[in-house]
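**Q** Protein chains in written order, with the working numbering: chain A, 1 to 384; chain B, 1 to 384. For glycine and all other residues, C-beta sits at the position ideal for the given N, C-alpha and C. Note that this is a predicted model, so its numbers are computed, not measured.
1) Using CA coordinates, which residue listed in A:381, A:90, A:13, A:357 is at the minimum distance from residue 127 (chain A)?
2) Evaluate the contact criterion for the region 6-20 of chain B versus the region 132-140 of chain B: three or more CB pairs, one atom per stretch, below 8 Å.
3) How would you write the range of the beta strand (DSSP E) that residue 265 (chain B) sits in, first residue to last?
4) Since residue 284 (chain A) is in the alpha helix (DSSP H), which residue starts that stretch and which ends it?
5) What distance in whole Å lies between the Cβ atoms of residue 27 (chain A) and residue 219 (chain A), which are believed to be in contact at a cut-off of 8 Å?
6) Please report the Cβ distance between residue 246 (chain B) and residue 156 (chain B), rounded to the nearest whole angstrom; I am assuming they are in contact, meaning their Cβ atoms lie under 8 Å.
7) Could you pull the DSSP bridge partners for residue 31 (chain A) from this structure?
8) How long is the line joining the alpha carbons of residue 309 (chain A) and residue 238 (chain B), rounded to whole angstroms?
9) Taking CB distances under 8 Å as the criterion, tell me whether residue 179 (chain B) reaches chain A.
10) So residue 335 (chain A) contacts chain B; which residues on that side make the cut at Cβ distance below 9 Å?
11) Which of helix, strand or coil does DSSP assign to residue 70 (chain A)?
12) By the criterion of Cβ-Cβ separation under 7 Å, what are the contact partners of residue 372 (chain B) in chain A?
13) Going by DSSP in three states, residue 39 (chain A) sits in which element: helix, strand or coil?
14) Report yes if the C-beta distance between residue 231 (chain B) and residue 189 (chain B) is below 8 Å; otherwise report no.
15) Taking residue 310 (chain A) as the query, report the chain B residues whose CB atoms sit under 7 Å from its CB, ordered along the chain.
16) Going by the beta-carbon positions, is the gap between residue 327 (chain A) and residue 307 (chain A) smaller than 8 Å?
17) I'd like to know if residue 380 (chain B) contacts chain A, where contact means its C-beta is closer than 8 Å to some C-beta of that chain.
18) With DSSP run on the structure shown, which of helix, strand or coil describes residue 190 (chain B)?
19) Look up residue 54 (chain B) in the DSSP assignment and say whether it is helix, strand or coil.
20) Who are the Cβ neighbours of residue 59 (chain B) in its own chain at under 6 Å, not counting the five residues just before and after it?
21) Hey, out of B:305, B:356, B:301, B:315, whose CA is closest to residue 323 (chain B)'s CA?
22) Considering only the alpha carbon of each residue, which of A:81, A:62, A:87, A:250 lies closest to residue 68 (chain A)?
23) Output, in chain order, the set of chain B residues within a Cβ distance shorter than 7 Å of residue 294 (chain A).
24) Report the rounded CA-to-CA distance for residue 166 (chain B) versus residue 153 (chain B), giving the unit in angstroms.
25) Determine, for residue 319 (chain A), whether the minimum Cβ-Cβ distance to residues of chain B falls below 8 Å.
26) Can you give the beta carbon distance from residue 211 (chain B) to residue 255 (chain B), rounded, assuming they're within the 8 Å contact cut?
27) Looking at residue 202 (chain B) and residue 150 (chain B), is the spacing between their C-beta atoms short of 8 Å?
28) Pick out whichever of A:78, A:350, A:292 has its Cα sitting closest to the Cα of residue 334 (chain B).
29) With three or more beta-carbon pairs closer than 8 Å as the criterion, would you say the region 276-294 of chain A touches the region 311-323 of chain A?
30) Is there a C-beta anywhere in chain A that falls below 8 Å from the one on residue 291 (chain B)?
31) Check residue 303 (chain A) in the structure and name its three-state DSSP category.
32) Determine the burial state of residue 82 (chain A): buried for a count of at least 16 other Cβ atoms within 10 Å of its Cβ, exposed for fewer.
33) If we count the other Cβ atoms within 10 Å of its Cβ and call it buried at 16 or more, is residue 130 (chain B) buried or exposed?
34) Look up residue 107 (chain B) in the DSSP assignment and give the residues it is bridged to.
35) Could you compute how far the alpha carbon of residue 352 (chain A) sits from the alpha carbon of residue 360 (chain A)?
36) Between which two residues does the beta strand (DSSP E) holding residue 81 (chain A) run?
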């Protein structure tokens, strides 16, 4: 149930040899039509990898025949030569599929600052094109893994017969603006470019954009949506957006569950904010606070650190009316200690934090992880 | 050479029993005049401890007879009862010194969210008043330590005969808006309230406000400057500000050197920014990035992560013109890899990072530490 779950798509995953491990590292997803509508969302980081710069240009057409994705190298901070490499990758893919390079999106993930080995990558593109299959989604999902411990896929099947399929890679550097991840979503529903774009924007806003494992924002984040229109049904826009959001939420939770070195998955729900934006702002401030994250690793219901994080925002609230509940125990009320901290059980992996701002009627949930020895270990040793 | 280095000050440090360790935890610093000019800077966190709320009121007079400081409890998030405790502490101090409570600043540091044991604290105030001594600065500096491994003091002696003395506590949660710290600075120079305030603002802006060990901002940060005018010299404002800044810089470096769990002290200098504010903004973004901080712990000159952090700011720069040097090796130029990464020696504790934005003529330095196993350990176990 990956990107080939919907009709009108083939995919493959092959080994180019970009990864030292020798595991699969090149994926290809092809929309066989009849329609080739596409939409995309990109990292908001101003330092953008060559494949992001390329794919942004491609996406101005609102149409996509294929996406070629590699792990084993981000092709970021590689200058004009790196951009030329991306261009060559798109051209090679276009040649193999008998289309134009402008119809091919490129995504890369891995270390920043190093050129890709094109002598390995380009032959693998041909190989991937030869291996395209209607059940190739799983192989594609496996080929985009980096520090992921599991391939991440999701799907949704509507009562009307249309389907959404998706794959993602992402296990670290999760932050808003799409969380260091590559996501490809496919559907056989008939959607036009405008509907695809607005549905994708709304779905990302509520899911990927609210993951924040360490506040860092990647140079390569890309979410693509491709529609084949192979099922002759135009879905209700609201239902389609909800379905897309449910698929994105499922992938987001998979990424959270696989975040590097984490022992806790923490949902921070901010209630009674003046606006939804302020609820998100406060949720992120708590999600990014290293002292809060360390406290959860230590299974310490340290609500004081949560209040200190809330206090660094400019959201509307009165410090003397703040309340915090951890796993259902209202441990802070009116800005002071309330229920006994020993009542809070933090032994499970899932943690629910609720912050009540008492300043309005809006709420939002942001997801994060704890800060652990393993996080430090993985991220201090990653490139060496 | 602590707060009693200048003439016109006495100080003491005693044991109230607030700390489980039984170490000294209450300090008193008294200005014996003839002048009682004072200035202060406070945390910008909107969740402010009771002693901060109290001392802000006191400081509206621009005058201070004494400051009483306790470790072993922050008295933050303790509501009206906590504020009453601070008020009682000021009154008890005022009684002992035969002055008004409005002339007494209060500072507290330690865990958030718990009331202070006033039955222990109030008798200790009397004890501290009895122990006041013209050489009591060292004892006072020791009594405000929390996770500090050393008492932090500094002094400056001018050619004109006036002196600045200072003490600080601060070892974790270092962030702008004064870095979880309590600082008391004394001087026997004659300065009026306006001169004291502007000199303190300028000195803090370039020193404490540019420390950032983990991006967290405390509820209790307070910097106080007290002038006794016991030496009849009115210093040149520029010289006085420079002297004050040198004392603050020395304390800031002591705090950086003592930051919880750090193995590296990292100076991030941002050059050729469009404005000094943007230089500071970029420096902070790099200083706070967990992936950058983990890389330095791993002695990995990962300039790609530095670029990714720079890219999250809205400072003026062209990604293709960014340059990064680490310990003098220009490892990134024009946004791409330059010198061989193996040339960068990161074995020493001190690390110098230079980011060149090529967007103007302004620069600033921000100081931070690495993110280590010990940081996680100390901060996950602190309150349990």
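**A** Per the coordinate set shown:
1) Of the listed residues, the one whose Cα sits closest to residue 127 (chain A) is A:13.
2) Yes, the region 6-20 of chain B touches the region 132-140 of chain B.
3) Annotation for residue 265 (chain B): the continuous beta strand (DSSP E) segment containing it runs 265-273.
4) Segment 276-288, the alpha helix (DSSP H) holding residue 284 (chain A).
5) Not confirmed; about 19 Å, so no contact.
6) The pair is a contact, with the Cβ atoms about 6 Å apart (cut-off 8 Å).
7) Answer is A:9.
8) Going from the Cα of residue 309 (chain A) to the Cα of residue 238 (chain B) covers about 36 Å.
9) Because residue 179 (chain B) sits at a pLDDT of 45, beneath the cut-off of 50, its placement in the model cannot be relied upon, and the following sentence gives the value as read from the coordinates. Taking Cβ atoms only, chain A never reaches closer than 8 Å to residue 179 (chain B), which makes this a no.
10) By Cβ distance, chain B contributes 47, 77, 78, 79.
11) DSSP, read as helix, strand or coil, puts residue 70 (chain A) in strand.
12) Neighbours of residue 372 (chain B) in chain A, taken as residues whose beta carbon is under 7 Å from its own, are 376 in chain order.
13) The three-state reading of DSSP puts residue 39 (chain A) in strand, counting E and B together.
14) Yes, Cβ-Cβ distance for residue 231 (chain B) and residue 189 (chain B) is below 8 Å.
15) Within 7 Å Cβ-Cβ: 47.
16) Between residue 327 (chain A) and residue 307 (chain A), the CB-CB gap reaches or exceeds 8 Å.
17) Interface flag for residue 380 (chain B) against chain A is set, since a Cβ pair is found closer than 8 Å.
18) In the three-state reduction of the DSSP assignment, residue 190 (chain B) falls in the coil class.
19) If DSSP states are grouped into helix, strand and coil, residue 54 (chain B) belongs with the helices.
20) Hits under 6 Å: 40.
21) When each option's Cα is compared against that of residue 323 (chain B), the closest is B:356.
22) Minimum Cα distance to residue 68 (chain A) is reached at A:87.
23) Residues of chain B passing the Cβ test: 376, 379, 380.
24) For residue 166 (chain B) and residue 153 (chain B), the gap between their C-alpha atoms comes out near 5 Å.
25) The C-beta of residue 319 (chain A) comes closer than 8 Å to at least one C-beta of chain B.
26) That belief holds up - the Cβ atoms of residue 211 (chain B) and residue 255 (chain B) are roughly 6 Å apart, short of 8 Å.
27) Here residue 150 (chain B) is not near residue 202 (chain B), since their CB atoms are 8 Å or more apart.
28) It is A:78 whose Cα lies nearest to the Cα of residue 334 (chain B).
29) Contact between the region 276-294 of chain A and the region 311-323 of chain A is present, because at least three Cβ pairs lie under 8 Å.
30) Answer yes: the Cβ-Cβ gap between residue 291 (chain B) and chain A drops below 8 Å somewhere.
31) Under the three-state reduction of DSSP output, residue 303 (chain A) falls in the helix class.
32) It counts as buried.
33) Per the 10 Å Cβ criterion, exposed.
34) Answer by DSSP bridge pairing, in chain order: B:69.
35) The alpha-carbon of residue 352 (chain A) is positioned some 21 Å away from that of residue 360 (chain A).
36) Here residue 81 (chain A) belongs to no beta strand (DSSP E); instead the alpha helix (DSSP H) covers 79-97.
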